[in-house]
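A.B. asks: 355 is the number that our numbering gives to position 204 of the sequence shown; each next residue is one higher, with no gaps.
Backbone N, C-alpha and C fix where the C-beta goes; we use that ideal spot for every residue, glycine too.
Note that the coordinates shown come from a computational prediction; the quantities given were computed from them, not determined experimentally.
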Amino acid sequence: MEIVFNEHIQDIRNYFQDFSEEDIEILYKKAQEEVMSRINQLAEFEHIDQDAIFKDGRLMNEIQDSIRNLTLSYIQFEQDHQQYADQFDNIFEFVEKHHLSDVFFEQSVTEGHPFHPMTKTKLGFDINHVLKFSPEFRQSVKIIPVLCDTSFADEIQMTQSIELDRFKQKVYAYCHAQQIPFENYTLLFIHEWQLEHFMLEQFEEFFTHQFMIPLYDLAVESNPLLSFRTLDAEELNCIVKTAVNVQATSAVRNVSPASIRNGIALSEFVERIYRTNGYDNSYIQKDLAGGYVNIHKEHANKCSYMLRQRIPHDSDSHHLVCGSLITKSFITKKHILIECIETIMKSQKMTFESATKLFLTEYTHNLLEATYRLILEEGISLEAHMQNSTVEIKDGMPISIHVRDFGGVRLFDRNINVDASTGLITESFEDLLSVFSHAVLYNHLFQIVQVLETYGYKQGEGYIIIRNTIAEHHEHCAPDINILEQPTFNIKSLLKMRIFSEGYDYQYTKINNPLYVEDK
Numbered sequence: 152m153e154i155v156f157n158e159h160i161q162d163i164r165n166y167f168q169d170f171s172e173e174d175i176e177i178l179y180k181k182a183q184e185e186v187m188s189r190i191n192q193l194a195e196f197e198h199i200d201q202d203a204i205f206k207d208g209r210l211m212n213e214i215q216d217s218i219r220n221l222t223l224s225y226i227q228f229e230q231d232h233q234q235y236a237d238q239f240d241n242i243f244e245f246v247e248k249h250h251l252s253d254v255f256f257e258q259s260v261t262e263g264h265p266f267h268p269m270t271k272t273k274l275g276f277d278i279n280h281v282l283k284f285s286p287e288f289r290q291s292v293k294i295i296p297v298l299c300d301t302s303f304a305d306e307i308q309m310t311q312s313i314e315l316d317r318f319k320q321k322v323y324a325y326c327h328a329q330q331i332p333f334e335n336y337t338l339l340f341i342h343e344w345q346l347e348h349f350m351l352e353q354f355e356e357f358f359t360h361q362f363m364i365p366l367y368d369l370a371v372e373s374n375p376l377l378s379f380r381t382l383d384a385e386e387l388n389c390i391v392k393t394a395v396n397v398q399a400t401s402a403v404r405n406v407s408p409a410s411i412r413n414g415i416a417l418s419e420f421v422e423r424i425y426r427t428n429g430y431d432n433s434y435i436q437k438d439l440a441g442g443y444v445n446i447h448k449e450h451a452n453k454c455s456y457m458l459r460q461r462i463p464h465d466s467d468s469h470h471l472v473c474g475s476l477i478t479k480s481f482i483t484k485k486h487i488l489i490e491c492i493e494t495i496m497k498s499q500k501m502t503f504e505s506a507t508k509l510f511l512t513e514y515t516h517n518l519l520e521a522t523y524r525l526i527l528e529e530g531i532s533l534e535a536h537m538q539n540s541t542v543e544i545k546d547g548m549p550i551s552i553h554v555r556d557f558g559g560v561r562l563f564d565r566n567i568n569v570d571a572s573t574g575l576i577t578e579s580f581e582d583l584l585s586v587f588s589h590a591v592l593y594n595h596l597f598q599i600v601q602v603l604e605t606y607g608y609k610q611g612e613g614y615i616i617i618r619n620t621i622a623e624h625h626e627h628c629a630p631d632i633n634i635l636e637q638p639t640f641n642i643k644s645l646l647k648m649r650i651f652s653e654g655y656d657y658q659y660t661k662i663n664n665p666l667y668v669e670d671k
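1. Given that a residue counts as buried once 16 or more other Cβ atoms are within 10 Å of its Cβ, and exposed if not, what is residue 606?
2. Pair every Cβ in the stretch 466-474 with every Cβ in the stretch 544-554, then say whether three or more of these pairs are closer than 8 Å.
3. By how many angstroms is the C-alpha of residue 645 removed from the C-alpha of residue 192?
4. Beta carbon of residue 495, beta carbon of residue 506: below 7 Å?
5. In or out: residue 251 buried (at least 16 other Cβ within 10 Å) or exposed?
6. Apply the 10 Å Cβ neighbour rule to residue 668 and answer buried if 16 or more other Cβ atoms are within range, or exposed otherwise.
7. With a Cβ-Cβ cutoff of 7 Å, do residue 373 and residue 292 count as a contact?
8. Helix, strand or coil, according to DSSP, for residue 286 in the structure here?
9. Helix, strand or coil for residue 340, going by three-state DSSP, please let me know.
10. According to DSSP, simplified to helix, strand and coil, what is residue 382?
11. Residue 455 bridges to which residues according to DSSP?
12. Closest to residue 641 by C-alpha separation, out of 617, 615, 582 and 629, would be which residue?
13. Could you check if residue 414 is buried or exposed, using at least 16 other CB atoms within 10 Å of its CB as the buried criterion?
14. At 4 residues or longer, what runs of the alpha helix (DSSP H) sit wholly inside the stretch 620-663?
15. Touching or not, the stretch 585-605 and the stretch 424-432, by the rule of three or more beta carbon pairs under 8 Å?
16. Let me know the secondary structure DSSP gives residue 367 once reduced to three states.
17. List the residues that DSSP assigns as beta-bridge partners of residue 299.
18. Is it buried or exposed, residue 638, if we count other Cβ atoms within 10 angstroms and call 16 or more buried?
19. For residue 389, write down the residues that DSSP places opposite it in a beta bridge.
20. Alpha carbon to alpha carbon, how far is residue 158 from residue 175?
21. Can the beta-carbon of residue 455 be found less than 7 Å from the beta-carbon of residue 406?
22. Among 417, 396 and 600, whose alpha-carbon lies nearest the alpha-carbon of residue 450?
23. Do the CB positions of residue 268 and residue 369 come within less than 7 Å of each other?
24. Kindly give me the distance between the Cβ atoms of residue 538 and residue 264, rounded to whole angstroms, as I take these residues to be in contact under 8 Å.
25. What's the C-alpha gap between residue 233 and residue 196?
26. What beta strand (DSSP E) runs, 3 residues minimum, are completely inside the stretch 514-592?
27. How about residue 218 and residue 186: are their beta carbons less than 7 Å apart?
28. Please identify the residue among 229, 215 and 366 whose C-alpha is closest to the C-alpha of residue 399.
29. Residues in its own chain within less than 6 Å of residue 518 by CB, not counting five upstream and five downstream?
30. Based on Cα-Cα distance, which residue from 577, 441 and 163 lies nearest to residue 457?
31. Any contact of the stretch 380-393 with the stretch 303-316, i.e. 3+ C-beta pairs under 8 Å?
32. Measure from the alpha carbon of residue 210 to the alpha carbon of each residue in 393, 648 and 634, then state which is nearest.
33. Determine the direct distance from the alpha carbon of residue 502 to that of residue 294, and round the result to whole angstroms.
34. Put residue 376 into one of helix, strand or coil per three-state DSSP.
35. Measuring CA to CA, which of 352, 598, 409 and 207 is closest to residue 486?
36. Does DSSP put residue 396 in a helix, in a strand, or in coil?
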């Protein structure tokens, strides 16, 4: 890896002239150690011979790309720390004094996924693309409105809003001035990279003959969120989930027509359950609408988009993507979670242990209301890991949870209009529990407990809070399988699913369940 290492150092140095080659080398080695630590951990969990990893050229390419891009993230973090650390007490003060929106927290998850080795892999992007389109570099990204002949595009449940109507009027006026018959076209929202690197080449004839027309003059400025192809567009007052032919972590980031339909149907259904049945601290960021090019079925998911609700702004609180809680603040170099707890300590005059217990108890209550209660009462298991969830924080305290993205949901057949080909419907409670154990327990609550342990909070205390909250739900609705009585539970086999192309037999790995207490 030495040749690649030296090449990367030189490439990175070209973009960060203020950092010495020695500084970059230190951060590159830090990134390498972080990625290798994740590989070692997953290899142990999944019982993989590491030779199988290091002899796999495809996998090593993904790993080296992740290391390079994680290095870039570390450099950005250090740059921000040097510029702002001595000016503010914590990251919340920084956000408020700079009048930033809570999109900032989506752009602050320096290490990305908490344990995936390919956390920063973006195959298809060079360094310039990574710096331009990845959220941590806080650049503006253009969403290009593309007119597509109505014969060649389908819309799915177009939503109405003041902002979208205003934008369509703007498009209509532009088309009228350019003598383009707007009524003959469907409007698509396309990521600028996808248009330039895929659509213009793939559909050259369609653009030449004006079956497709990119409206560059009406490009919508947006901010990339934690998932880099998901963009916050203030002008449209919604989130735009775009297709980008780049492999990030384990998958190429497309938007399939089936996922659009499923997201709209399921998000509306679950939000209705929340509001009707007293899930007082639980909310859904609803998927609203979408569209795609229908010319070639194999390309429908590459020329597509989906619109999602924004979380309403509240001047008294902040909405943090949950992954940012276990990210270090570039102000204090403490985890943002700890800055929340220190705020509670100050405002409520508590010790660290008491404030931590209060935070974790309330956080667990809210998250398990939104997820575990929903499993027990409705047979719906949301993939509410830290990248799919947003916590509302007020004076350091977690007061509500928003869940988004329905691609990994599992549910019993509820007579919802879900595309059967996507495999979301199951008859097995164990399937529901596997999504919960991986996403909500291992990839969410346990990650928080692990961070707290590094500050002296006992892991066992955290697991007791989680165990007791689950047990409280059992008092009202007994599960088919009691996870508290299982010595092991399932987490996704992230490495095996990359190594073996037919990965379904290796979808889950069993690990020890820290919530299990053996009967004496």
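C.D. replies: Concretely, from the data shown:
1. Result: exposed.
2. In short, these stretches touch, since the Cβ pair count reaches three.
3. Their backbone Cα atoms lie some 11 Å apart in a straight line.
4. In this structure, residue 506 lies closer than 7 Å to residue 495 by Cβ.
5. Residue 251 is exposed by the Cβ-count criterion.
6. Residue burial annotation: residue 668 is exposed, with fewer than 16 other C-beta atoms found within 10 angstroms of its C-beta.
7. By the CB criterion at 7 Å, residue 373 and residue 292 fall inside the cutoff.
8. DSSP, read as helix, strand or coil, puts residue 286 in helix.
9. Here residue 340 sits in strand by DSSP.
10. Of the three classes helix, strand and coil, the one that applies to residue 382 here is strand, per DSSP.
11. Bridge partners of residue 455 according to DSSP: 443.
12. Per the C-alpha coordinates, the member of 617, 615, 582 and 629 positioned closest to residue 641 is 582.
13. With 16 or more other Cβ atoms within 10 Å, it is buried.
14. Segments of the alpha helix (DSSP H) lying fully in the stretch 620-663: 647-650.
15. Judged by Cβ distances under 8 Å, the stretch 585-605 makes no contact with the stretch 424-432, as fewer than three pairs qualify.
16. Here DSSP, grouped into helix, strand and coil, assigns residue 367 to helix.
17. Answer by DSSP bridge pairing, in chain order: 337 and 363.
18. Counting Cβ neighbours within 10 Å, residue 638 comes out exposed, since fewer than 16 surround it.
19. When DSSP reads this structure, residue 389 sits in a beta bridge with 384.
20. Rounded to whole angstroms, the separation of the alpha carbons of residue 175 and residue 158 is 12 Å.
21. Taking a C-beta distance under 7 Å as the contact criterion, residue 455 and residue 406 qualify as a contact pair.
22. Checked all of 417, 396 and 600; the closest Cα to residue 450 is 396.
23. At a Cβ-Cβ threshold of 7 Å, residue 268 and residue 369 do not count as neighbours.
24. About 7 Å separates the Cβ atoms of residue 538 and residue 264, confirming a contact at the 8 Å cut-off.
25. So the two alpha carbons sit approximately 38 Å from each other.
26. Counting only runs of 3 or more, we get 540-545 and 548-554.
27. Against a cut-off of 7 Å, the Cβ pair of residue 186 and residue 218 comes out as a contact.
28. Checking every option, the nearest Cα to that of residue 399 belongs to 215.
29. Hits under 6 Å: 552.
30. Answer by Cα proximity: 441.
31. Yes, the stretch 380-393 touches the stretch 303-316.
32. Among 393, 648 and 634, the Cα nearest to that of residue 210 belongs to 648.
33. When rounded, the distance between both Cα atoms is 47 Å.
34. In the structure shown, residue 376 sits in coil (DSSP, three-state: anything other than H, G, I, E or B).
35. Selected option, being the one with the closest Cα: 598.
36. Here residue 396 carries a strand assignment [DSSP, helix/strand/coil].
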